[in-house]
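Before any comments, here is the structure.
Numbering (this note's numbering), first residue to last: 2 to 649.
Shown next, in the form of structure tokens:
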């Protein structure tokens, strides 16, 4: 009896401990089950990928970017072979990481800023929420020279986490004056990678110009090479490679990008660059009947090769602080008073509103008076009585003050907008400013009356601001009979094998609907500017081709004292802008040329001669290309036949 009671007491004493033990076992099993569920179900894919990553390293195979050619097939931009250096954080940890970075600093001659950047990128990858980030190579240095390639190859066994990736880099063969047209390349940003998952760290993307606008077409599709590695990232032997990675997965070839064929003529581009005399300004040469651009100069420009390569912070700082703003595309992203080139538009406003006729005259006595204000003519003693032809060819200010006053500000604005001023032209090359065309709804009482604004507008001053590209479109409309054309710079998109993908056709945005008598009168006056004595550009006439055009000298405001520029620079910035807008030949125009010489002075001296040289270069190139090929050199006459005599 005593034994039974004792057993029962023992059971009661053991039962709580047994229950506790069972609970511990159950909890432990539950934790293991939950953890197993996490590993197998919730994060199974991740760990599968990580396990694969422990023996597989993926190296991307960069695609060749599309080639950019001029209209005659000359290569402006292509690719050159080079090597970029990448580091994969997962394959070098702790002390090994520090040793590798120290070696890279020595072998690549890295500065301290580069070292800090490499360490920062390493930490960012290693501590990313996405654990796979540490398996993704990031860029250490792009486009290293050949001697550094040899050094890294010699020491690659010491740095298994470092890879040399053969990468095609852009090679710009065009003159630097095409920098704003072509653009450049730079490393893709994290924000851009978020928006475009197809990009990887260290890859480059188009910046500015055609490289940016046609990024999708030029880029192509990268390939991928998978290699088997050990835990430290060292490549395994061939047999192991074949056992671990199926042949179909070892290499996915890259697909090259498409090519662009431009309307730019490299020969004319170089001629325009040489002819342009100024420190800053712009040149546009455009086909008068199609709108295709043949040359586009914005000075100063930038070197696309330099901007796409390893450019130092000091160099970037110097570019950004340059008062001449080399990163500014003056052709389409800067406003200028048009000066007397705008008298062409005022002529049409006067003729179409019947405020003047081609034969009606205005007397110029050297100035024009409204109330207490007097506007002076460029010729203080006056021009006397002038009709349209002589007023435009001699650029009489009083004549155009009078026409502006008669027509009124709103009618001037309406005609200017018909010609494309005050709005983007539509050139597909990035951001474009619209310019400024004032009317009675936009001016303020403090700036003067609408009548005063109209008088100033008569000579292209006041609040009127235009771009050189707008001038080219407007003068093309005068040249071609009234068609406002869409300016274009890409003629074709071709596949890598040359197959045509897309061809761009000329586009007429609208027709001006001007009277033929108005067009004839104004074009005749523009012809006289260059080809008749007394014309402001008479000294720039050519012997072999007759062209028409209009000079312009636009007054500018002096810079404020707060702008810290040295006196020599300030004097430069105080000078007037020089314009010349031309088309040639005068009777059947093919090409329009607009020259803006920023702070160049008088248009007849600082812009018209350059335009004449560009016109001359256009027709010289045309003659050379249309001439039949020279016959091959004549072969020398055959030697005389040898004779022999028989000895008897």
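From the three backbone atoms N, C-alpha and C, an ideal C-beta is built for every residue, glycine too.
Hey, residue i and residue j: beta-carbon distance below 8 Å or not?
| i | j | result |
| --- | --- | --- |
| residue 436 | residue 427 | no |
| residue 475 | residue 541 | no |
| residue 485 | residue 501 | no |
| residue 592 | residue 582 | no |
| residue 490 | residue 182 | yes |
| residue 366 | residue 383 | yes |
| residue 80 | residue 174 | no |
| residue 557 | residue 577 | yes |
| residue 431 | residue 201 | no |
| residue 530 | residue 394 | yes |
| residue 224 | residue 253 | yes |
| residue 186 | residue 313 | no |
| residue 407 | residue 438 | no |
| residue 286 | residue 546 | no |
| residue 272 | residue 222 | no |
| residue 144 | residue 311 | yes |
| residue 344 | residue 461 | yes |
Suppose the cutoff is 6 Å on Cβ atoms and the five residues either side in sequence are ignored; what does the same chain contact list for residue i look like?
| i | result |
| --- | --- |
| residue 178 | 274, 298 and 302 |
| residue 123 | 90 |
| residue 276 | 611, 614 and 615 |
| residue 463 | 454 and 457 |
| residue 590 | 289, 480 and 584 |
| residue 601 | 279, 579 and 607 |
| residue 598 | 279, 282, 579, 607 and 608 |
| residue 629 | none |
| residue 152 | 108 |
| residue 561 | Because the pLDDT at residue 561 is just 47, under 50, the model does not fix this residue reliably, and the point stays unresolved. |
| residue 620 | 546 |
Let's see if you can read the secondary structure: which residues bound the beta strand (DSSP E) around residue i?
| i | result |
| --- | --- |
| residue 1 | With the chain covering 2 to 649 only, the question about residue 1 has no answer from this structure. |
| residue 185 | 185 to 188 |
| residue 491 | 491 to 495 |
| residue 226 | 224 to 229 |
| residue 82 | 76 to 88 |
| residue 261 | 260 to 263 |
| residue 595 | 592 to 598 |
| residue 584 | 578 to 585 |
| residue 194 | Careful: residue 194 lies outside any beta strand (DSSP E), inside the alpha helix (DSSP H) at 191 to 196. |
| residue 364 | 363 to 365 |
For residue i, I'd like the list of residues in its chain whose CB is within less than 8 Å of its CB, leaving aside the five on either flank, ordered along the chain.
| i | result |
| --- | --- |
| residue 492 | 72, 262, 263, 264, 293, 504 and 505 |
| residue 353 | 416, 515, 516 and 519 |
| residue 94 | none |
| residue 362 | 386, 387 and 388 |
| residue 1 | The requested residue 1 does not occur in the structure, where the chain is confined to residues 2 to 649. |
| residue 356 | 350, 404, 407 and 408 |
| residue 632 | none |
If you drop the 5 nearest sequence neighbours on each side, which residues of the same chain put their C-beta closer than 7 Å to that of residue i?
| i | result |
| --- | --- |
| residue 323 | none |
| residue 440 | 410, 411 and 414 |
| residue 141 | 86, 87, 88, 105 and 119 |
| residue 205 | 186, 187, 188 and 189 |
| residue 368 | 375, 376, 377, 378 and 399 |
| residue 471 | 421, 422, 426 and 436 |
| residue 495 | 259, 260, 262, 501 and 502 |
| residue 68 | 76, 78, 79 and 260 |
Measuring CA to CA, which of the options is closest to residue i?
| i | options | result |
| --- | --- | --- |
| residue 70 | 266, 258 and 257 | 266 |
| residue 327 | 622, 531, 172 and 180 | 180 |
| residue 605 | 639, 632 and 553 | 553 |
| residue 259 | 64, 152, 572 and 84 | 64 |
| residue 487 | 494, 477, 495 and 137 | 477 |
| residue 555 | 587, 468, 528 and 535 | 468 |
| residue 482 | 543, 497 and 588 | 588 |
| residue 228 | 135, 212, 246 and 220 | 246 |
| residue 269 | 533, 624, 214 and 618 | 618 |
| residue 526 | 507, 143, 399 and 548 | 548 |
| residue 573 | 325, 637 and 632 | 325 |
Can you give me the start and stop residues for the alpha helix (DSSP H) that residue i sits inside?
| i | result |
| --- | --- |
| residue 345 | 344 to 353 |
| residue 391 | 389 to 395 |
| residue 454 | 451 to 458 |
| residue 610 | 609 to 627 |
| residue 333 | That residue, residue 333, is in no alpha helix (DSSP H); it is neither H nor E in DSSP. |
| residue 205 | Taken as a continuous stretch (DSSP letters only), residue 205 belongs to no alpha helix (DSSP H), being part of the beta strand (DSSP E) at 205 to 208. |
| residue 470 | 469 to 481 |
Pairs of beta-carbons, one from the region 157 to 171 and one from the region 90 to 103, closer than 8 Å: are there three or more? yes
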